[in-house]
Amino acid sequence: AQSVAQPEDQVNVAEGNPLTVKCTYSVSGNPYLFWYVQYPNRGLQFLLKYITGDNLVKGSYGFEAEFNKSQTSFHLKKPSALVSDSALYFCAVRDRNYGQNFVFGPGTRLSVLP
Amino acid sequence: IAGITQAPTSQILAAGRRMTLRCTQDMRHNAMYWYRQDLGLGLRLIHYSNTAGTTGKGEVPDGYSVSRANTDDFPLTLASAVPSQTSVYFCASSEGLVGSAEQFFGPGTRLTVL
Numbered sequence: 001a002q003s004v005a006q007p008e009d010q011v012n013v014a015e016g017n018p019l020t021v022k023c024t025y026s027v028s029g030n031p032y033l034f035w036y037v038q039y040p041n042r043g044l045q046f047l048l049k050y051i052t053g054d055n056l057v058k059g060s061y062g063f064e065a066e067f068n069k070s071q072t073s074f075h076l077k078k079p080s081a082l083v084s085d086s087a088l089y090f091c092a093v094r095d096r097n098y099g100q101n102f103v104f105g106p107g108t109r110l111s112v113l114p
Numbered sequence: 001i002a003g004i005t006q007a008p009t010s011q012i013l014a015a016g017r018r019m020t021l022r023c024t025q026d027m028r029h030n031a032m033y034w035y036r037q038d039l040g041l042g043l044r045l046i047h048y049s050n051t052a053g054t055t056g057k058g059e060v061p062d063g064y065s066v067s068r069a070n071t072d073d074f075p076l077t078l079a080s081a082v083p084s085q086t087s088v089y090f091c092a093s094s095e096g097l098v099g100s101a102e103q104f105f106g107p108g109t110r111l112t113v114l
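Residue numbers (this note's numbering), protein chains in the order written: chain C, 1 to 114; chain W, 1 to 114.
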């Protein structure tokens, strides 16, 4: 069975500081991993994904994520946070060998304070 | 290109009434999905479709039905609405039911069942 955990409901960070939103996963096989962002009253928007190869993945709006197989983690990072990054962030996993569907984490609300 | 459209944007419904949420995509994606989003629970898959003419049950299918008569449309029907179906509903699509392609989401339908 697939599962995703986002251990922090809320992350607060000052503008200009680096941010990290944590994600750990569990799959039977090897994962495809995704990050999505949701702004208020909007649908989810794709940020980035890990397929294979380089463990550091770069995505939209300056975000990046690091795949760590031994820790089964895929933390989202950004070197310098903007107030406009404040949103709800979802991590998702799909088992590349056995999974038909995506499994989403519960979401982490990021607040960037001016 | 509109991507995915959903209708209505919001709806207040009396318990026991029948309701169909509409979803249309113009990306010619094979796979389509319906999720519900509830606070603290993230997104939960209701039903999915691999291709026109086929559908499958997700994590929380009870009380919902879907059809996929063609590639573009994937309506979700609540046969007899109950208050626990109060939620925000998102339709999504992806190129395939397996693989590394990300999902694209509609703007959502906010449904309140009284």
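Even glycine gets a Cβ: it sits at the ideal position worked out from N, Cα and C.
Discussion item. Which same chain residues end up closer than 7 Å to Ala-15 (chain W) when comparing Cβ atoms and leaving out the 5 residues on each side of it in sequence?
Written reply: Ala-81, Val-82, Pro-83, Val-113 and Leu-114
Practice prompt. For Ser-87 (chain W), collect the residues of the same chain with a Cβ closer than 7 Å to its Cβ; drop the 5 residues on either side in sequence, then sort them by chain order.
Written response: Arg-36, Gln-37, Asp-38 and Leu-111
Worksheet entry | Min CB distance Tyr-89 (chain C) to chain W below 8 Å | no
Worksheet item: Within 8 Å (strictly less), CB to CB, does Phe-46 (chain C) reach chain W?
Response: yes
Item to complete: Under 8 Å by Cβ, that's how I've got Ser-49 (chain W) and Phe-74 (chain W) pegged, so tell me the actual separation to the nearest angstrom.
Response: 6 Å
Worksheet entry | Closest residue to Thr-72 (chain C) among C:Leu-113, C:Asp-85, C:Ile-51 and C:Ser-26 (Cα-Cα distance) | C:Ser-26
Worksheet item: So, is the C-beta of Lys-58 (chain C) closer than 8 Å to a C-beta in chain W?
Response: no
Fill in: Rounded C-alpha distance that separates Ile-46 (chain W) from Pro-18 (chain C)
36 Å
Item to complete: At 3 residues or longer, and completely inside the region 1-44 of chain W: list those beta strand (DSSP E) runs for me, N to C.
Response: 4-7, 10-13, 19-25 and 31-38
Worksheet item: Is it the case that the Cβ atoms of Phe-102 (chain C) and Ala-87 (chain C) are separated by a distance below 8 Å?
Response: no
Discussion item. Just checking: is the beta-carbon of Ser-93 (chain W) within a distance shorter than 8 Å of some beta-carbon in chain C?
Written reply: no
Worksheet item: For Gln-103 (chain W), does the three-state DSSP call read helix, strand or coil?
Response: coil
Item to complete: For Pro-79 (chain C), count neighbouring Cβ atoms within 10 angstroms of its own Cβ and tell me buried if that reaches 16, exposed if not.
Response: exposed
Worksheet item: Taking only beta-carbon atoms, is Tyr-61 (chain C) less than 8 Å away from chain W?
Response: no
Worksheet item: When we look at the beta-carbon of Gly-29 (chain C) and count the other beta-carbons within 10 Å, is it buried (16 or more) or exposed?
Response: exposed
Discussion item. Out of C:Ser-84, C:Gly-105 and C:Val-37, which one is the CA nearest neighbour of Arg-94 (chain C)?
Written reply: C:Gly-105
Worksheet item: By DSSP, does Pro-31 (chain C) sit in helix, in strand, or in coil?
Response: strand
Worksheet entry | Proximity to Gly-96 (chain W) [Cα-Cα], best of W:Arg-18, W:Gln-85, W:Arg-44 and W:Tyr-33 | W:Tyr-33
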